[in-house]
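Just so you know, my numbering puts 130 at position 126 of the sequence shown, and the rest follows in order with no gaps.
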Amino acid sequence: MQPVTFRVFSTYEYRISKNNIFLTTCTTRSILTDETSSSAILYAGTPSTTNPTAIGTVASARAIQWAGFTRRVTLDGAGVFESRIERGADALPKSELAGYATLETRAVAGGKEEYACFRDGEATFRFVGGILGEETTVCKTEFWCASLPA
5 MQPVTFRVFS TYEYRISKNN IFLTTCTTRS ILTDETSSSA ILYAGTPSTT NPTAIGTVAS
65 ARAIQWAGFT RRVTLDGAGV FESRIERGAD ALPKSELAGY ATLETRAVAG GKEEYACFRD
125 GEATFRFVGG ILGEETTVCK TEFWCASLPA
């Protein structure tokens, strides 16, 4: 998925960590098909109106649940991300601790960046692509993972 435009539709500020990873459920609509998938979206620094640093889609023919499972996904150019979201965390109120995650990367000393993950359920990302902008992907954030200080 190569984003052409990007906007975050949320009043919540994600500024407490160096890196932010959003665990999302995405729906892509195009002229030929509609697809649902699950993706991890990485922002190095604060999310803004620019494109994300990396996106990794969980290998599945359909959207998956994040809560109650360990999921691994490759974030192109960034490393391998693994989330461990607690069972039942999808029922937590927004901003409650939901689990933990790691990013295996050469970008930090020791090769592993630790994250704390929180329930979101509100923030939405929109990507428009295709030659004529005929493909739109909307991703709803299920959980937000903030990098922890080293």
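Each residue gets a CB set at the ideal place from its N, CA and C atoms; glycine is no exception.
Treat the numbers as computed from the prediction; the structure is a model and nothing was measured.
Output needed for E139: all residues of its chain with C-beta closer than 6 Å, excluding positions within five of it in sequence on either side, in chain order. Result list for E139: S34 and G133, in chain order.
Using C-beta distances below 6 Å, list every residue in its chain close to C149, excluding the 5 sequence neighbours before and after it, in chain order. The residues are I25, A105, Y119 and C121.
Since G60 is in the beta strand (DSSP E), which residue starts that stretch and which ends it? It spans A58 to T61 - the beta strand (DSSP E) in which G60 sits, taken as one unbroken run.
When P153, G125, R130 and G92 are compared against F147, the one with the closest alpha-carbon: Of P153, G125, R130 and G92, the residue nearest in Cα terms is G125.
In DSSP terms, what M144 is bridged to: Checking the displayed sequence, the identity of residue 144 turns out to be Lys instead of Met. Answer is T29 and T128.
Going by C-alpha distance, which of L152, S151, P153 and C143 is nearest T32? Out of L152, S151, P153 and C143, C143 has the C-alpha closest to the C-alpha of T32.
CA-to-CA distance, Y47 to G81, given in whole angstroms: Near 12 Å, if we compare the C-alpha coordinates of Y47 and G81.
List the endpoints of the continuous beta strand (DSSP E) containing T41. One detail in the question is off: residue 41 reads as Ser in this sequence, not Thr. Taken as a continuous stretch (DSSP letters only), the beta strand (DSSP E) holding S41 covers D38 to A48.
Candidates A127, S42 and T61: which alpha carbon is nearest S99's? Comparing Cα-Cα distances from S99 to each of A127, S42 and T61, the minimum goes to A127.
Within the same chain, show all residues whose beta-carbon is closer than 6 Å to that of L79, passing over the 5 residues directly before and after it, in chain order. If we look at L79 and ignore the five residues flanking it on each side, its Cβ neighbours are L46, A58, G60 and F85.
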